[in-house]
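Asker: Next up is a structure, given as structure tokens.
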Amino acid sequence: MSLKTRVKDVQASAEANAGGPARLQVDPDTIPDDDKPAQSGSVFNIWYLKWSGGGDSSSKSNYTKSKFRTNIKKDSGYTRARPGSSICLFFSRGCCYLGKKCPYYHRIPIDSDYFKPTQDCFGRDKTSEYRDDMDGVGSFNRSNRTLYVGGLNVTDKTESIVTKHFAEFGQIEKIRVLHGKSCAFITYRLESQAQFAKEAMQNQSLDANEVLNIRWANEDPNPQAQKQEKRRMEEIALETVKKLLAKVEDQKPKIKKQKVEVEEPEEEDVEEVEVDIKKIEPVPLSTSSSSPRNFFDNSTLDKLALSRINKKQLHEEKQKAVSALVGGYESSEDEE
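Residue 110 in this note's numbering sits at position 110 of the sequence shown, and the numbers go up by one each step.
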């Protein structure tokens with residue numbers, strides 16, 4: 001069976017099982033409270049299921065084979081997750097005890113998923129730089145789709161064995177096995193699928209009894225490879241946007257197009273109203289005489305004449321009164 005055929009079968013199975021409820025991967029009653037890896041540090045991190053704060057974290061004795069492992073065909077199903085929710089981290093590790101009641105998705109990441117650039121597919125925050133050991137969530141400054149898989153039991157069939165176990169979590173573009181160093185590099189089509197596979201296969205075994213040590217791969221120093229990777233990521237982003245737009249269009253309710261007819265009101269007969277407007281007719285001037293006196297009537301002239309006579313009489317009376325007061329005084333007497 002070819003790699004592409006295997007990937008299509010896995011994805012088809014996951015989509016088919018999404019119609020049913022997600023099953024319980026573990027029974028919480030069967031897990032003891034002290035079920036944790038052998039102590040190799042001072043603090044146990046329940047989120048990463050590891051000890052920290054002391055000891056040699058790079059020692060092989062710190063890697064214990066996991067008791068749980070996810071099975072995409074059997075474990076995938078619908079949950080209480082809502083659009084925008086993350087993938088369940090414990091589902092990827094095969095130890096989610098909530099099943100269909102889980103608030104996160106129980107499936108592998110797909111093309112139409114959108115995750116924040118500063119977070120991984122599980123909703124964990126990335127850091128600006130990778131850790132020194134290239135473990136952890138990863139960096140938001142670079143998109144990394146390649147995993148380093150160490151601790152392999154290398155044989156002539158190692159490549160096919162690695163393909164069989166890792167193709168379950170997404171489409172693989174390239175696998176390179178270094179026989180002399182007992183490791184392999186696996187490149188997925190999507191970064192989110194690489195994130196899922198890293199958690200799902202950490203501390204797992206293949207066909208032998210080895211315990212895998214999975215890390216993020218360093219960036220390829222080849223400039224040509226970097227350009228190809230950048231171009232590839234742009235194509236993936238464009239394809240994802242197209243699928244999201246198509247999905248939104250399919251979810252829109254279909255509205256029946258109805259022809260809208262606009263009825264114009266009928267014109268009513270408006271009665272004409274006649275308004276009588278009085279015209280001001282000019283008064284004709286008398287043309288009997290062109291003298292300005294004709295503008296005044298006789299009564300007005302009589303009043304003016306009487307007023308002038310009264311003023312003249314008043315003036316004469318004032319003169320008489322002044323003469324009586326002076327009493328015949330003349331200015332020539334002063335000169336003498």
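Using N, Cα and C, we set each Cβ at its ideal position, and we do this for glycine too. Computed from a predicted model, the values in this text were never measured in an experiment.
Which residue marks the beginning of the alpha helix (DSSP H) containing T240, and which one marks its end?
Answerer: P223 to Q251
Asker: If N203 sits next to T64, beta carbons under 8 Å apart, how far is it from one beta carbon to the other, in whole angstroms?
Answerer: 6 Å
Asker: Taking Cβ positions, are F68 and L89 nearer each other than 7 Å?
Answerer: Not a contact, by the Cβ cut-off of 7 Å.
Asker: So, at 8 Å on beta carbons, what are the nonlocal neighbours of T158 in its own chain, with the 5 sequence-adjacent residues on each side left out?
Answerer: Its chain contains L152, V177, H179 and A184 as the residues whose beta carbon lies nearer than 8 Å to that of T158, once the 5 sequence neighbours on both sides are disregarded; these appear in chain order.
Asker: Less than 7 Å separating the beta-carbons of A337 and G77?
Answerer: As displayed, the chain neither begins before 1 nor continues past 336, which places residue 337 out of reach and without an answer.
Asker: Less than 7 Å between the C-beta atoms of D111 and T240, yes or no?
Answerer: With respect to T240, D111 sits close: the two C-beta atoms are nearer than 7 Å.
Asker: Rounded to whole angstroms, how far is the Cβ of L190 from the Cβ of P109, which I believe are closer than 8 Å?
Answerer: 6 Å
Asker: Do the region 90-105 and the region 216-235 meet, that is, are 3 or more Cβ pairs less than 8 Å apart?
Answerer: no
Asker: For a test of the three-state rule: what should DSSP assign to P103, helix, strand or coil?
Answerer: coil
Asker: Spatial neighbours of R124 within its chain, please: C-beta separation below 6 Å, excluding the five flanking residues on both sides.
Answerer: V137
Asker: For the candidate residues D75, K247, K164 and F140, whose alpha-carbon lies nearest to that of F91?
Answerer: Nearest option by C-alpha distance: D75.
Asker: Which word fits I172, buried or exposed, when buried means at least 16 other C-beta atoms lie within 10 angstroms of its C-beta?
Answerer: buried
Asker: Give the DSSP-derived three-state secondary structure of S61 in the structure shown.
Answerer: Unreliable positioning characterises S61 in this predicted model, as indicated by a pLDDT of 44, which lies under 50. The coordinate reading is nonetheless provided below. In the structure shown, S61 sits in a helix (DSSP, three-state: H, G or I).
Asker: If you count every other CB in all the chains shown that lies within 10 Å of the CB of E199, and 16 or more means buried, which is it?
Answerer: buried
Asker: For G150, list the residues DSSP reports as bridge partners.
Answerer: Answer is C183 and N213, bridged to G150.
Asker: Check whether the Cβ atoms of Q193 and G170 sit closer than 7 Å, and answer yes or no.
Answerer: yes
Asker: If you run the structure through DSSP and keep just helix, strand and coil, what is P28?
Answerer: helix
Asker: Would you decide whether A167 is buried or exposed? Buried here means 16 or more other CB atoms lie within 10 Å of its CB.
Answerer: buried
Asker: Start and end of the beta strand (DSSP E) containing I175?
Answerer: Its beta strand (DSSP E) spans residues I172 to L178.
Asker: Could you tell me the alpha carbon to alpha carbon distance between M233 and D220, rounded to whole angstroms?
Answerer: 15 Å
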